[in-house]
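So the structure is just underneath, and the comments pick up after that.
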Amino acid sequence: MASTDEHLTAPLPELHGPGIRLRGWDAESDADVEAWLRGTTDPEFRRWNTPLKPVTDAGGARESLRAKVRLTQEGSAASYCVVDDRSGAVLGHVGVNVIDTVLSVARVGYWVLPEARGRGLAARALAVASRWALTDLGLHRLELGHALGHEVSCRVAERCGYRYEGTLRGAMFEAGRYDTFRDVHLHGRLATDPEPEIP
Numbered sequence: 004m005a006s007t008d009e010h011l012t013a014p015l016p017e018l019h020g021p022g023i024r025l026r027g028w029d030a031e032s033d034a035d036v037e038a039w040l041r042g043t044t045d046p047e048f049r050r051w052n053t054p055l056k057p058v059t060d061a062g063g064a065r066e067s068l069r070a071k072v073r074l075t076q077e078g079s080a081a082s083y084c085v086v087d088d089r090s091g092a093v094l095g096h097v098g099v100n101v102i103d104t105v106l107s108v109a110r111v112g113y114w115v116l117p118e119a120r121g122r123g124l125a126a127r128a129l130a131v132a133s134r135w136a137l138t139d140l141g142l143h144r145l146e147l148g149h150a151l152g153h154e155v156s157c158r159v160a161e162r163c164g165y166r167y168e169g170t171l172r173g174a175m176f177e178a179g180r181y182d183t184f185r186d187v188h189l190h191g192r193l194a195t196d197p198e199p200e201i202p
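Numbers given in the working numbering equal positions in the sequence shown, counted from 1, plus 3.
Here it is in C-alpha cells:
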C-alpha cells in the first residue's frame with residue numbers, strides 16, 4: 004500500500020456506492036457551480052452551518068468551489084460531488100477535510116440538495132467516503148461534528164459507525180452569526196472500528 008502522502012498527491016479517485024457515484028467537483032462547470040450555489044444557500048444548510056465566507060451568488064459559488072478544488076489538489080482535503088450513478092445528476096457533497104497526515108486524522112462533512120433528501124443519500128455517501136479515507140487513504144481516525152439539535156445528522160453519523168464521543172461547548176457559530184457560539188456533538192470513527200452495514 005502506498006503512503007498517505009502519495010495518495011494525497013494522486014488524482015482524486017472516483018468512488019461508487021449503492022445508486023451513487025462520487026467524483027471530484029469541477030469549478031469550471033456551470034452545472035457544478037449552480038449545484039454548489041443551491042446547496043450552500045439552502046435554508047436547511049444555513050440553519051446548521053455558518054460558513055466563514057458565505058456564498059450569495061454564482062460568482063461567489065465559483066470562487067468557493069475553486070477553493071475546495073485547490074485544497075483537494077494540495078492534499079489537505081478531498082471534496083466529492085455526489086451524483087446519481089445513472090443520470091449523473093448532482094445530489095450533494097461529501098468532504099474529507101482538514102487532513103492531518105501526521106496525526107492520521109481528518110474531519111468529514113456533507114450536505115444533500117433538497118430534492119435528494121429522505122432517501123438515505125447522506126449515509127450512503129458518507130459510508131463510501133469514510134471507507135476510502137480509512138483504507139485507501141490510510142487515515143486512522145475520522146471526526147464528525149454537528150450542531151447540537153441536528154438530529155438528522157446525528158442519525159447519519161451513527162448509521163455510518165461514528166460513535167458519539169461527547170459535546171463540545173461553544174465550538175461553532177450560531178446560524179448566521181459570528182459573535183455567538185453553540186455546542187457541537189462530536190462523533191468519531193477509527194480504522195479499527197467494525198464496518199457498518201448501510202442499506
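Just so you know, even glycine gets a beta-carbon here, dropped at the ideal spot from N, CA and C.
Everything numeric in this text was worked out from a predicted model, so none of it was measured.
Shortest alpha-carbon distance to residue i belongs to which of the options?
i    : options                : result
L171 : V131, R185, V86, I201  : R185
T129 : P16, L25, L15          : Correcting the residue type first, residue 129 is Leu in the shown sequence and not Thr. Per the Cα distances, L25.
K56  : R158, R162, A119, G179 : G179
H143 : P14, D103, E17, R122   : D103
P197 : G152, W51, V36, T138   : T138
Y113 : G78, L106, R49         : R49
A92  : C157, A70, T183, A38   : A38
Does the Cβ of residue i have 16 or more other Cβ atoms within 10 Å, making it buried, or fewer, making it exposed?
i    : result
A61  : exposed
L145 : buried
E200 : exposed
A5   : Note on A5: pLDDT 44, under 50, position unreliable in the model; the coordinate value appears next. So A5 ends up on the exposed side.
G42  : buried
Y167 : exposed
Could you tell me the boundaries of the beta strand (DSSP E) in which residue i lies?
i    : result
R144 : 144-150
L40  : That residue, L40, is in no beta strand (DSSP E); its alpha helix (DSSP H) goes 33-44.
Give the range of the alpha helix (DSSP H) segment to which residue i is assigned.
i    : result
A130 : 124-137
I26  : Sequence inspection shows Arg at residue 26; the Ile mentioned does not correspond to that position. Element bounds for R26: not the alpha helix (DSSP H) but the beta strand (DSSP E), 23-27.
E118 : No alpha helix (DSSP H) contains E118, which DSSP labels as neither H nor E.
A160 : 154-162
Residues bridged to residue i by DSSP?
i    : result
A81  : V99
L189 : G148, G169
R110 : N100, E146
F48  : Looking at the DSSP assignment, F48 forms no beta bridge with any residue, so it has no partner.
D87  : I23
L18  : L25
Could you tell me how far apart the beta carbons of residue i and residue j are, in whole angstroms, since I believe they sit closer than 8 Å?
i    : j    : result
H149 : H96  : About 15 Å separates the two Cβ atoms, so there is no contact after all.
V99  : A136 : 5 Å
At a cut-off of 8 Å, would you count residue i as near the ligand MN, judging by its Cβ distance to the nearest heavy atom?
i   : result
G22 : Of ligands this structure carries none, so the ligand MN is not represented either.
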